[in-house]
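Structure, as structure tokens:
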Amino acid sequence: MKIILSFILTILLIVSCSSNRDYLPEEFWGMKLNRKLTGKEAKDFVDKLHFQNVATEKNEVGFYTGAVGNAAIYITYYSDDKTAYQDFRKMTQKISPENSMFVRGTFHNINNKQIYSCLGLGQVHYIFAHKNLLFWISVDPNFSRNFLDEYMKLVFD
Numbered sequence: 001m002k003i004i005l006s007f008i009l010t011i012l013l014i015v016s017c018s019s020n021r022d023y024l025p026e027e028f029w030g031m032k033l034n035r036k037l038t039g040k041e042a043k044d045f046v047d048k049l050h051f052q053n054v055a056t057e058k059n060e061v062g063f064y065t066g067a068v069g070n071a072a073i074y075i076t077y078y079s080d081d082k083t084a085y086q087d088f089r090k091m092t093q094k095i096s097p098e099n100s101m102f103v104r105g106t107f108h109n110i111n112n113k114q115i116y117s118c119l120g121l122g123q124v125h126y127i128f129a130h131k132n133l134l135f136w137i138s139v140d141p142n143f144s145r146n147f148l149d150e151y152m153k154l155v156f157d
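All letters in the sequence shown, in the order written, are residues 1 to 157 by full-length UniProt numbering.
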């Protein structure tokens, strides 16, 4: 009986740990996580970028640096999938006009996932929703698509 109970507890532990994915790993694509913001610090940072309160209560921001260049990953957590996708739509509509600091906005279907990309501030920006999460990735242009492809494997696999 103890062996069966131990086995069941081990399986439950493995399953619960595997569902907690780290979307901001310490190293990614040859770059190191230089700075990670969570909680109030991440919320305040995102709000400051927008000059107003836009962030939900749970946010994470990761800044990566390495010999290849720089990248930043912004993640917003929502209570449900629907809200994440609604905010994805709202966000892309707001930054789509050519009068914003972002230009050449385009929707792409990459691996059956709708991704919005645009250029601005010297970087390529990719925005997408997945489950109850909204991602904004800012990355140097010289490796942006390769970075996105690898990051999508992390998120979707």
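The beta-carbon is built from N, C-alpha and C at its ideal position, and this holds for glycine as well.
Once the 5 residues before and after residue i are set aside, which same chain residues still bring their CB inside 6 Å of it?
| i | result |
| --- | --- |
| A129 | A84, Y85, F88 |
| A72 | F63, S138 |
| P141 | V124 |
| A67 | none |
| N34 | F63, T65 |
CB-CB under 7 Å to residue i, same chain, minus the five flanking residues each way: which ones, in chain order?
| i | result |
| --- | --- |
| M101 | G120, L121 |
| H108 | I115, S117 |
| L5 | Since pLDDT at L5 reaches only 38, below the 50 mark, its modelled position is unreliable, and no value is offered. |
| M91 | I127 |
| M31 | Y64, T65, G66, V68, A71 |
Could you tell me the alpha carbon to alpha carbon distance between residue i and residue j, rounded to whole angstroms?
| i | j | result |
| --- | --- | --- |
| I11 | Q123 | With a pLDDT of only 39 at I11, under the threshold of 50, the placement of this residue in the model should not be trusted; the figure read from the coordinates follows. The straight-line gap from Cα to Cα measures roughly 43 Å. |
| F156 | A42 | 23 Å |
| Y77 | D47 | 15 Å |
| K40 | K58 | 8 Å |
| D44 | Y74 | 13 Å |
| L134 | S79 | 11 Å |
| I95 | V103 | 8 Å |
So, at 8 Å on beta carbons, what are the nonlocal neighbours of residue i in its own chain, with the 5 sequence-adjacent residues on each side left out?
| i | result |
| --- | --- |
| F147 | W29, A71, I137, V139 |
| K36 | L24, E60, V61, G62, F63 |
| T106 | Y116, S117, C118 |
| S19 | Model confidence at S19 stands at a pLDDT of 49, short of 50, so the residue's coordinates are unreliable; what they give is reported in the following sentence. Answer for S19: no residue qualifies. |
| L154 | R21, Y23, P25, F28 |
| K113 | F128, H130, M152, F156 |
| N132 | Y77, Y78, S79, D80, D81, T83, A84 |
Could you tell me the boundaries of the alpha helix (DSSP H) in which residue i lies?
| i | result |
| --- | --- |
| S138 | Looking at the DSSP string, S138 is not in any alpha helix (DSSP H); the run it does join, the beta strand (DSSP E), is 133-139. |
| residue 191 | No answer is possible for residue 191: it lies beyond the span of the chain, which begins at 1 and ends at 157. |
| D149 | 144-156 |
For residue i, report the span of its beta strand (DSSP E) as first-last.
| i | result |
| --- | --- |
| F128 | 123-130 |
Exercise. Can you list, in chain order, the stretches of the alpha helix (DSSP H) that have 4 or more residues and sit fully within the segment 20-90?
Worked result: Fully contained in the segment 20-90 are the following alpha helix (DSSP H) runs of length 4 or more, in chain order: 39-50.
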